Amino acid sequence: MKTPLFQSLRVQLLAGAALLLAITVGAVGYALTLNQRRSLTETMIQTVVLQGRNVALSGEKSLLRPDPEFELCPLVTRVMSEVPDIQLLVVADRNGVVQGHRDPSRVGKPFVYEDGGAIAVASPSVRGDETLRESTSAYLLATPVFGGTSKVGTVYLTVSKRALLEQQRRSLLLTIRLSAAALLAGLLLAVLFFTRISRPMGTLMQGLDALARDLSFSIVMPTRNEFRVVADAFNRMAREIQGAQRELLAKERLAHEVELARQIQESLVPRSVADAGRFEIGFHYESAYEVGGDYLDIIPVDGSRVFFVMADVSGKGVAGMVVMAMTRVLVRQFAGSGSPPREVLIRLNQALAGNIRRNMFVTAFVGVLDIDRGEFAYSNAGHNPLVVYHEGRRVATDKRLDGVPLGIFTTDRFAETVADYSTSLAPGDVVLLYTDGLTESLDTARKQFSLQRVIDIATDQGHLGARHLVRRLVAAEKRSRGEAAQADDITLLAFGIAIRERSAVGSTG
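Its first residue numbered -11, the sequence shown is counted upward by one per residue in our numbering.
Here it is, written out as structure tokens:
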């Protein structure tokens, strides 16, 4: 006869085992439910955003025509008939007047997007110029329509959350059923075979603990019963979670590699320049992305000559940085050969043509400064106009030079377009080189900084020296751009004969 104390202990052990299994299954099921809910929600948001953008893209040309409603109304009607979950679809022009509506009588009337107290939604799928709101029953999207580089209208889209809520409900029911099935199997096994399966239970608990630390771990059950089924279910769940983690780690590795590329690129940009005697040098480099495609280099050739390079790779990001690094290696190889600037560009084009992608090219300006003679010899390959400040006349002018970008044409055709130039620099004269990230910088109204503004600032500030001019141009561009994002790399280089000693030479940023 079993004592009450022994019977009570067994009941407690069984209850404890059942409770532990229930907590474990519930926790995993809850985590999976949250993950599935987030995934389904983000997929729904992506679908809504893509639908809005597709309508914006389809209606872009129509908004530029005199009677856009004749194309936009049929477009709206067709889209709403194809996607039943769309509750509202309106295309308005830049003045907020309806130009596309399912109800033609609404065309030509001002449109007010009534969100009904919907709250804003933050999602990586939504651009900065788009707004997405969420109510209890729908998503409300407003996405701009661009004609070229300017906004010509807005697409307003309201999509029902009915499908999303149904998917979430089914997902929740499936998770509940799976969790309930796993829990029921565990309880039955605990009640019927507690003594026999005490060891497999320990194995299972150890495996769950290992999975909590390492999702690559697999629970191996020595028995062929429900505990193996439970273990396999946890293994499958762990593999699914591990797959999501691998994707996240891959993104983190990519971000780390981009950061390494950025550090490598920063190491390629000059930090300081040896004293150039009577010459003053100032420069600035700022990438718009993690890594950029602008190239600036200042290479001492011998005791009296300095080789200057400024280039702009058409591609941005890591691809642009790779071509930039390739160009730097080639330039440093050719710069010390004593060849004229034109010959250096020809050799660069010969090396780059066929070795970079067809849709990429490099604009470049190279020049050799003879410090003793005050002579600057240079050549250009499709780069921006040269700006020179003349101290004697207190005016800055631009010089537009011949030449096509590197990497496009064969050596013979390229050689026909480039030429050697030279100029003498008087005390106080300043030569300014820059990339189009400066002149094409856009403010919040999408107005360019412009070459003329560069010339005006050089005229006004050039008498204060090269380094001061670079600082003023950088500050002026930042003020002009305001809150607008930097769209392209910005690189500047200025040098000239100092009227008085300016021996400190280095980077301005």
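For every residue, glycine included, the Cβ atom is placed at its ideal position computed from N, Cα and C. Predicted model, so just to flag it, every value in this text is computed and none were measured.
Asked, Found
"Straight-line gap, T398 to A463 (C-alpha atoms, nearest Å)", "40 Å"
"Nearest candidate by alpha-carbon position, reference E331, set I287, E404 and P56", "E404"
"When L171, A486 and F58 are compared against A3, the one with the closest alpha-carbon", "L171"
"CB of T351 within 9 Å of CB of H378, strictly", "no"
"Identified DSSP bridge partners for P373", "DSSP, once it has assigned bridges, lists no residue as partnering P373."
"Local conformation of K435 per DSSP, three classes", "coil"
"Secondary structure of H89, DSSP reduced to three states", "coil"
"As assigned by DSSP and simplified to three states, the class of M298", "strand"
"Beta-bridge pairing of T137 - partner residues as DSSP gives them", "Paired residues: none, contrary to the question."
"Element boundaries [alpha helix (DSSP H), containing R459]", "A454 to R469"
"Within 9 Å, strictly: CB atoms of Q75 and S148", "yes"
"Proximity to L192 [Cα-Cα], best of L180, V217 and L333", "V217"
"L128 beta carbon less than 9 Å from that of D103", "yes"
"Beta-carbon gap between G96 and E57 smaller than 9 Å", "yes"
"Outcome for Y18 when other beta-carbon atoms lying within 10 angstroms are tallied against a minimum of 16", "exposed"
"Candidates E471, Y409, R459 and V419: closest to A433 by CA position", "E471"
"Which of helix, strand or coil DSSP assigns to Q474", "coil"
"Three or more C-beta pairs below 8 Å linking the segment 350 to 367 and the segment 286 to 295", "yes"
"Alpha carbon of V208 to alpha carbon of R227, nearest angstrom", "14 Å"
"Own chain partners of L457 with C-beta closer than 8 Å, once the 5 adjacent residues on each side are dropped", "G270, Y377, V418, L420, I445, A446, Q449, G450 and A482"
"Residues near I334 by beta carbon distance below 8 Å, same chain, minus five either side", "T399, F402, A403 and V406"
"Closest residue to M348 among F99, F437, A44 and L394 (Cα-Cα distance)", "L394"
"S159 in three-state terms, based on DSSP", "helix"
"Per-residue DSSP class, three states only, for R293", "strand"
"8 Å CB neighbourhood of V64 in its chain, flanking five on each side removed", "V43, L77, V78, V79, G88, H89 and R90"
"CB contact flag (T21, L160, <9 Å)", "yes"
"Assigned exposure category for E268 - 16 Cβ within 10 Å defines buried", "buried"
"Range covered by the alpha helix (DSSP H) that runs through L51", "E48 to L51"
"Buried or exposed by the 16-neighbour rule on C-beta atoms within 10 Å, applied to G303", "buried"
"Supposed contact pair N213 and L177 - C-beta distance, whole angstroms, cut 8 Å", "6 Å"
"Nearest candidate by alpha-carbon position, reference E30, set F215, E122, G135 and A454", "E122"
"Terminal residues of the alpha helix (DSSP H) in which P329 lies", "P329 to L340"
"Closest by C-alpha distance to M312, when choosing among G195, V301 and Q321", "V301"
"Inter-residue spacing [alpha-carbon to alpha-carbon] between E240 and T211", "40 Å"
"T142 burial status per 10 Å Cβ neighbour count (16 or more: buried)", "buried"
"I164 classed as buried or exposed, judged by whether at least 16 other C-beta atoms fall within 10 angstroms", "exposed"
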